[in-house]
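Just below is one structure, and these are the notes that go with it.
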Amino acid sequence: MSDRPLHPRSALAGIAVPGRYGAPGSEPGVTIAERVGLGLATVAARKEHGEALKQAVANVYGIDLPEGSRIVQGPRVSFVGYGPGQWLAVSEALDGEALACDLLQNLKGLASISDQSGGRTVLRIGGPRARDVLAKGLPIDLDPRAFPLGSAATSTISLMGVQIWQTDDTRSYDIALFRSVSASFWRWLTASAGEYGYEVVGAGGA
Amino acid sequence: MSSQPNRLAEGGAIDRSKTVRFSFDGQALTGHEGDTLASALLANGIKLVGRSFKYHRPRGILTAGSEEPSALVELRSGARREPNTRATTIELYEGLEASSQNRWPSLKFDVMAVSQLFAPFIGAGFYYKTFMWPAAFWEKLYEPMIRRAAGLGRGAGVADPDHYEKAHAFCDVLVIGGGAAGLAAALASARTGARVILCEEDFRLGGRLLAEPDEIDGRPARDWVEAAEAELESLPDCRILRRTTVQGVYDGGTYAAIERVNDHVPLPPAHEPRQRFWKIVAKRAVLAAGAIERPIVFGDNDRPGIMLAGAVRVYVNRYGVAPGKRAVLFADNDDAFRTAVDLAEVGVAVAALIDARKLPSAAAQAAAERAGARYLSGAVIKRVRGRQGVKGVEVRDASGKTESFDCDLVAVSGGWAPSLHLTTHLNGKPQWSEALSALAPGTLPPGMSVAGAAKGAFGLGSCLAQGHDAGAGAAAACGFTGGSGKASAAADNDRGTVSPVWQVENSRGKAFVDFQNDVSVSDVKLAAREGFRIPEHLKRYTTLGMATDQGKTGNLNGAAVLAQATGRYLGAVGTTTFRPPFTPVAISAFAGHHRGQDFRPARLAPSHGWAKEQGAVFVETGPWLRALYYPLTGEEPQDSVNREVANVRTKVGVCDVSTLGKIDVQGSDAGTFLDRVYANTFSVLAVGKARYGLMLREDGIVLDDGTTARLAEDHYFMTTTTANAVKVMQHLEFCQQVLWPEFDVQMVSVTEQWAQYAVAGPRARDVLQAIVDPAHDLSNAAFPYLACGNVSVGGGIPARVYRLSFSGELAYEIGVPARFGDALVRAIMEAGAAYGIAPYGTEALGVLRIEKGHPAGAELNGQTTAHDLGFGKMLSTKKDFIGRYMAARPSLTDPARPSLVGLRPLDREDRLRAGAHLLPKDAEASAANDQGHVTSIAFSPSLGHWLGLGLLAHGPERHGEILRAYDPVRGGDVPVEVRPPCFIDPEGERLRV
Amino acid sequence: MRIKCPYCGERALEEFTYRGDATVTRPASLDPAAEQEWVDYVYFRDNPAGLHQEHWHHSAGCHSWLVVTRNMTTHEIVAVESAGEGAKP
């Protein structure tokens, strides 16, 4: 038995089916793509080791840890601040549990690391009406003046906890939600995006 | 049939090229695009639109706005039927269906109208006085009667098929109202670059400007409105929300608004909501909600055809409708008498201007001359002729002489009162203004300013100036000091001398103060005589100011009558408190997306899909959906549970326990921290071991329990109950951040990260050994009871195994990253097939734990202590921990407290019921003899009879005693034997094999 | 009501969970003589008509415990601080 591989399954498997939905039109108002296979891990600074942690992250991952609720993108790993001394590390290069293993090795004694690669569904929501859709659930001002590139926030969408951040596309947002509410979130998202027309892009797309 | 006989030949802001078909009480009618239902009904000569609430009196259209108390109709049909909608705000659309309310068998002949004959008996406080005695009549007679009579329209009775949604918006300046002042405010603030939201209740911007022949900046006001609208739309940071009513003001600059996105079309287009509930956060707000005209109180002042003067001008000028053929004006201000000129200009005959003021007014006199009408000053209407519509009025002049005028329209005005409701939502107190003879805004919500008529400035020039200043000021307060442009200018209209007339003494017929609730002058006077002297009390006693309009047109007159009846100065009488919402809001709009299966988000375990495939029946456990049991084809629920339990006791079962709260506790002080939050000790737990832990609240009551495993020197993995996961995390964060911030400890929830399965039963090891990668030895010697450790499955996927048992059998829990959960449970089922594995649900889980005497939710009920549950010995005496001090109080350790026991029926055929009271064997069933209760029950397939757990006074000392389990609700009265809580394998040998 | 979380910025009331009086301090003594101190800490609360300090948890945000200084009669919030290390000596 044990030699049989176990295959991962997205919480949106069979739910997020690629295609064009909602109100018809030439260009969809919203595009939705699940970012699958991401490495995700929480990083919490050990007491009195905040500075050393910053140094280590700079050395190993080549970036400065963000101070507040922001995202800093690194070549291999990005860090999203979600609380004082706490970050969500996100990586495409180090997928699944590999990210937590890597962090554990490099930041041992400086931070507490927990693998979260299975616990989140990450969606990239873009398109000209992405902000209008998110306004239907997210009680945060996403106007670029209030939420410039590199911003991140932890909040709720339609009663579901989310982390949201924006990297380099002013129309596009990454949203990490708890895996267990993925189906509920999808119903909210598609009901809200319907009037603008939306396209579900195949897994891994952007 | 002549189409729209009362439609004027020209004029109005309607699109005459577009004819809209609609029906009222089944009658096919037409109107035009740009009409409201009210204007279209009037265009068709229909004045009688409903019956009143209490007396079923014929009622027409009083106003042209959302303050309408009388013209309430049922809109649409079937599942979309909506009662009590105001004809004055319903935008006409193709195929609109409306019907009148509160009448039977027909609007024109209503049987219940006879109740007018009993009117003397249903005055103020009628419900309170009549329906008091005998008490038994309430349920059977009075309440059904009141319910049938109360409420005008009928609800649909079925679920609303349309979609509603919520939305958030943020801005610097929120402008409430899109009339002259609001447009000026929006222009002035938006021009500075500030983010502006303009909310207008109407489907068209302009407010009164649509209804008055005014000029702004030397051109027609309507042209100015169009230019203002175009400019606002061209500004990128200005958003105009039409058909949007701001309903409430909340702390922190938060405003609630309802946008009627698709109420004006036959059906909401696919994918679009019917309504949208906006939560707007604004740094500053400008209230420019205008003013509401006040009727004058006189006998039969509710007859169809009696209309507010301002509304008459709206119907004539905005909708191109003549609300009558021959009019009489009755007012106490010059503004209202301008109506005569507007009417005359469109060919409506004006019989007379009845000026209630003692001194004649030159302006009113001039208006009368221009309209070719008689002018009577110091005169009042003493009688109205006509029942289902006005036919004429009798007027008493200053000398007491009576004169009669034929007419089918009476335009009434007692002057205007600021629409200040939103200023009072945060406890703001309006102030009486002698100059306005009305309440004016007093203290304002933080960040709000008021402009225009809402502030008591009724002249157009003043409205524009105030709006501009308020808009520029609001933007400046947000840091936008750029140019706000030039303020527009207009002349102020002269209102003339203000000497308000509230009511006509000695007029004939019922004189109504509140049309919607049928509250008359005599009701208010009676209430005053009976001691209801405060408006709040008057409201509750007479219903004055209740229901859909909340007294928008009636409150001021009510206060005036009350002042007079109690001999007080009107300004000292006060008012009732205005609360949100400003106008009625559909429950669906409050619910938004959150209805049906989306009432709240459902949390699904990683292998939910697999469980569904197995035919599982699910149950809500907190926010989670968990498998309750897995019925085989044709199996009864109890049989499924029995089978699942037996399978665990004899073979092996698998249960999804992913929903348990899971918390990673890390850091060099993690052990010390756990010692503080658990009643027992964790710092000495060896790495690779797990332990049951008990958490108390600071008051000594049990908070939660669970197992915590030590994965590394500085890494513990805690589990909590499913129901308390969020509460426990919050509690731990309080302890970490506030009580002991000096500890090096970090916590994060990993509930979602781990899919976790309990594999339990005599063959559990066989199954699990086949699942883990070959390097891992799960033998009893290598991996004894309470061991834990990292393993891998499926060729290198990291997993954790804990040898824990809730069932009392040999058992393990295995966790993998959640995305592998579905694959793992399938692999477990496959590996377990040879051993007879079957999944078991939470119901079997409950039976297994009751057989083992483990307390759970029904015992951890927020009232029990560690001693009550038999865990007294776990309370460490060597350290401080949350709840330690208070748990030691004598009252919490008293053996007389109800404590955990096992129970089994003396007659093994008897069924036990949770909730049954425990009484001494031969004692009478009384509260005094109550010694505890049954907390949990189960049919034990292992023992072949029902058994239970209970909390019983002196419980542990009473094993062997026979008691009554008395259940008066379900009729059970069963002799039970008190036992130790654990019924199966009390020595715990099975779980250590 | 909107609370300005020191980490997340200004957020709506719905994101926060109220706990209560932030002016009470957990007694250090386990001595039987400290009973009144414990009773005061666990049960007794002032309800001033004016400024008060309260513990709020940013439960839908950064999970920080905050000390919110709020006017109990107007809901005006005059200060928000992290209840954690910053507030401790």
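Protein chains in written order, with the numbering used here: chain A, 1 to 206; chain B, 1001 to 1993; chain C, 2001 to 2089. For glycine and all other residues, C-beta sits at the position ideal for the given N, C-alpha and C.
**Asked** For Gly68(A), which residues in chain D fall below 8 Å Cβ to Cβ?
**Response** No chain D appears in this structure, whose protein chains are A, B and C.
**Item:** chain A contact residues for Glu2081(C), given Cβ-Cβ distances below 7 Å
**Value:** Counting from one through the third sequence, the residue named residue 2081(C) turns up at place 81. Those within 7 Å of Glu2081(C) in chain A number zero; the least Cβ separation is about 12 Å.
**Nearest to Lys1852(B) (by Cα), restricted to the options Arg1763(B), Trp1416(B), Gln1753(B), Val1645(B)** = Within the second sequence, residue 1852(B) is the residue found at index 852, counting from 1. Of the candidates Arg1763(B), Trp1416(B), Gln1753(B), Val1645(B), the one whose C-alpha sits nearest the C-alpha of Lys1852(B) is Val1645(B).
**Prompt:** Listing by chain order, which chain A residues have their CB less than 9 Å from the CB of Val1748(B)?
**Reply:** Numbered from its first residue, the second sequence carries residue 1748(B) at position 748. What Val1748(B) touches in chain A: Thr42, Ala44, Gln86, Ser112, Ser114, Gln116.
**Request:** Any chance you could list the beta strand (DSSP E) runs of at least 3 consecutive residues sitting entirely within the stretch 1669-1736 of chain B, in chain order?
**Result:** With a minimum length of 3 residues, the continuous beta strand (DSSP E) runs that stay inside the stretch 1669-1736 of chain B are 1689-1696, 1702-1712, 1715-1720.
**Message:** Within 10 Å of its beta-carbon, does Tyr2018(C) have 16 or more other beta-carbons around it, so buried, or fewer, so exposed?
**Reply:** In the third sequence, counting from the first residue as 1, residue 2018(C) sits at position 18. Looking at its Cβ environment, which holds fewer than 16 other Cβ atoms inside 10 Å, Tyr2018(C) is exposed.
**Message:** Please tell me whether Ser69(A) and Ala153(A) are closer than 7 Å, where the distance is taken between their beta carbons.
**Reply:** For the purposes of this step, residue 69(A) is taken as the residue at position 69 of the first sequence. For the purposes of this step, residue 153(A) is taken as the residue at position 153 of the first sequence. Yes.
**Request:** Taking a Cβ distance cut-off of 8 Å, strictly less, list which residues of the stretch 1253-1266 of chain B are near chain C, in chain order.
**Result:** Taking 8 Å as the Cβ-Cβ cut-off against chain C, the residues of the stretch 1253-1266 of chain B that qualify are Gly1253, Thr1254.
**Message:** Assuming Glu1165(B) and His1593(B) are in contact, meaning their beta carbons sit under 8 Å apart, how far apart are those beta carbons, in whole angstroms?
**Reply:** Numbered from its first residue, the second sequence carries residue 1165(B) at position 165. Numbered from its first residue, the second sequence carries residue 1593(B) at position 593. That pair is a contact at about 6 Å.
**Request:** Kindly indicate if chain B contains any beta-carbon less than 7 Å away from that of Gly2050(C).
**Result:** For the purposes of this step, residue 2050(C) is taken as the residue at position 50 of the third sequence. No, Gly2050(C) lies away from the interface with chain B (no Cβ there is under 7 Å from its Cβ).
**Message:** Does the structure place the stretch 1613-1627 of chain B close enough to the stretch 1687-1707 of chain B that three or more beta carbon pairs sit under 8 Å?
**Reply:** No: the two stretches stay apart, fewer than three of their Cβ pairs being nearer than 8 Å.
**Message:** At the 7 Å Cβ level, is Thr154(A) part of the contact set with chain C, yes or no?
**Reply:** As a first step, residue 154(A) must be located in the first sequence, where it is residue number 154. It does: the Cβ of Thr154(A) has a partner Cβ on chain C nearer than 7 Å.
**Asked** So which residues on chain C does Phe1734(B) lean against when the C-beta distance must stay under 8 Å?
**Response** For the purposes of this step, residue 1734(B) is taken as the residue at position 734 of the second sequence. Arg2019, His2055, His2057, Trp2065, listed in chain order.
**Message:** Please report the straight-line C-alpha distance between Asp1217(B) and Leu1210(B), rounded to a whole angstrom.
**Reply:** Reading the second sequence from its first residue, position 217 is the one you call residue 1217(B). Reading the second sequence from its first residue, position 210 is the one you call residue 1210(B). Each residue's alpha carbon lies about 16 Å from the other.
**Asked** On the three-pair Cβ rule with 8 Å, is the stretch 140-152 of chain A touching the stretch 96-112 of chain A?
**Response** No, the stretch 140-152 of chain A does not touch the stretch 96-112 of chain A.
**Asked** In angstroms, rounded to a whole number, what distance separates the CA positions of Pro1269(B) and Gly1095(B)?
**Response** The residue you call residue 1269(B) lines up with position 269 of the second sequence. The residue you call residue 1095(B) lines up with position 95 of the second sequence. Computed Cα separation, rounded: 15 Å.
**Item:** Distance between Ile1292(B) and Asp1342(B) (C-alpha atoms, nearest Å)
**Value:** Counted from its first residue, the second sequence places residue 1342(B) at position 342. Counted from its first residue, the second sequence places residue 1292(B) at position 292. About 20 Å.
**Message:** So for Gly1467(B), helix, strand or coil by DSSP?
**Reply:** Position 467 of the second sequence, counted from the first residue, corresponds to residue 1467(B). Residue state for Gly1467(B) is assigned as helix, using DSSP reduced to three classes.
**Prompt:** Around the C-beta of Val1652(B), are 16 or more other C-beta atoms found within 10 angstroms, so that it is buried, or is it exposed?
**Reply:** On the second sequence, residue 1652(B) is found 652 positions in, with the first residue counted as 1. Per the 10 Å Cβ criterion, buried.
**Prompt:** So, helix, strand or coil for Ala1923(B), using DSSP?
**Reply:** By one-based count along the second sequence, residue 1923(B) stands at place 923. Of the three classes helix, strand and coil, the one that applies to Ala1923(B) here is coil, per DSSP.
**Request:** Hey, could you find the ends of the alpha helix (DSSP H) Arg1904(B) is sitting in?
**Result:** For the purposes of this step, residue 1904(B) is taken as residue 904 along the second sequence, with counting starting at 1. In this chain, Arg1904(B) is not harboured by any alpha helix (DSSP H); it is covered by the beta strand (DSSP E) spanning 1898-1905.
**Asked** Candidates Arg1076(B), Leu1048(B), Pro1890(B): which alpha carbon is nearest Ser966(B)'s?
**Response** Nothing can be reported for residue 966(B), as the shown portion of chain B is limited to 1001 through 1993.
**Prompt:** Okay, do the stretch 1076-1090 of chain B and the stretch 1357-1372 of chain B touch, 3+ Cβ pairs below 8 Å being the bar?
**Reply:** Output reads no: the stretch 1357-1372 of chain B does not touch the stretch 1076-1090 of chain B.
**Item:** Any C-beta of chain B under 7 Å from that of Arg9(A)
**Value:** As a working mapping, residue 9(A) is identified with position 9 in the first sequence. Nearest CB-CB separation between Arg9(A) and chain B: below the 7 Å threshold.
**Request:** Report the residue from Lys1401(B), Gln1638(B), Arg1958(B), His1163(B) whose alpha carbon sits nearest the alpha carbon of Leu1376(B).
**Result:** The residue given as residue 1376(B) occupies position 376 in the second sequence. For Leu1376(B), the closest C-alpha among the options Lys1401(B), Gln1638(B), Arg1958(B), His1163(B) is that of Lys1401(B).
**Prompt:** So with Cβ pairs under 7 Å, would you call Asp1699(B) a contact of chain C?
**Reply:** Residue 1699(B) sits at position 699 when you count from the first residue of the second sequence. Answer yes: the Cβ-Cβ gap between Asp1699(B) and chain C drops below 7 Å somewhere.
**Asked** Does DSSP put Asp1822(B) in a helix, a strand or coil?
**Response** As a working mapping, residue 1822(B) is identified with position 822 in the second sequence. Of the three classes helix, strand and coil, the one that applies to Asp1822(B) here is helix, per DSSP.
**Listed by chain order, chain A residues near Asp1822(B) by CB distance under 8 Å** = For this step, residue 1822(B) is matched to residue 822 along the second sequence. Chain order gives the chain A residues near Asp1822(B) as Arg9, where near means a beta carbon separation below 8 Å.
**Prompt:** Got a sec? Which residues, its chain only, sit under 6 Å from Gly202(A) by beta carbon, not counting five neighbours each side?
**Reply:** Indexing the first sequence from 1 puts residue 202(A) at position 202. The residues Pro18, in chain order, have a CB closer than 6 Å to that of Gly202(A) in the same chain once the five nearest residues on each side in sequence are set aside.
**Item:** the stretch 1737-1763 of chain B: positions lying closer than 7 Å to chain C by Cβ
**Value:** Hits within the stretch, in order: Gln1737, Val1738, Leu1739, Pro1741.
**Item:** CA-to-CA distance, Gly150(A) to Ala89(A), given in whole angstroms
**Value:** Taking the first residue of the first sequence as 1, we reach residue 89(A) at position 89. Taking the first residue of the first sequence as 1, we reach residue 150(A) at position 150. Whole-angstrom Cα-Cα distance: 14 Å.
**Asked** Which term fits Pro1161(B), buried or exposed, when burial requires 16 or more other beta carbons within 10 angstroms of its beta carbon?
**Response** What you label residue 1161(B) is simply residue 161 of the second sequence in a count that begins at 1. The residue is exposed, with fewer than 16 neighbouring Cβ atoms inside 10 Å.
**Request:** Tell me whether Ala1916(B) is buried or exposed, calling it buried when 16 or more other Cβ atoms sit within 10 Å of its Cβ.
**Result:** If you number the second sequence from 1, residue 1916(B) lands on position 916. Classification of Ala1916(B): buried, given that the 10 Å Cβ count is 16 or more.
**Prompt:** Taking the beta strand (DSSP E) that Met1307(B) falls in, what are its first and last residues?
**Reply:** Position 307 of the second sequence, counted from the start, is the residue given in the question as residue 1307(B). Residues 1306-1308.
**Request:** Measuring alpha carbon to alpha carbon, tell me which of Leu1786(B), Ala1823(B), Leu1824(B), Arg1826(B) ends up nearest Tyr1812(B).
**Result:** The residue labelled residue 1812(B) in the question sits at position 812 within the second sequence. The shortest C-alpha separation from Tyr1812(B) is found at Leu1786(B).
**Message:** In the DSSP output, which residue or residues are listed as bridge partners for Phe1330(B)?
**Reply:** The residue you call residue 1330(B) lines up with position 330 of the second sequence. In the DSSP output, where bridge partners are listed per residue, Phe1330(B) has Ile1354(B), Val1412(B).
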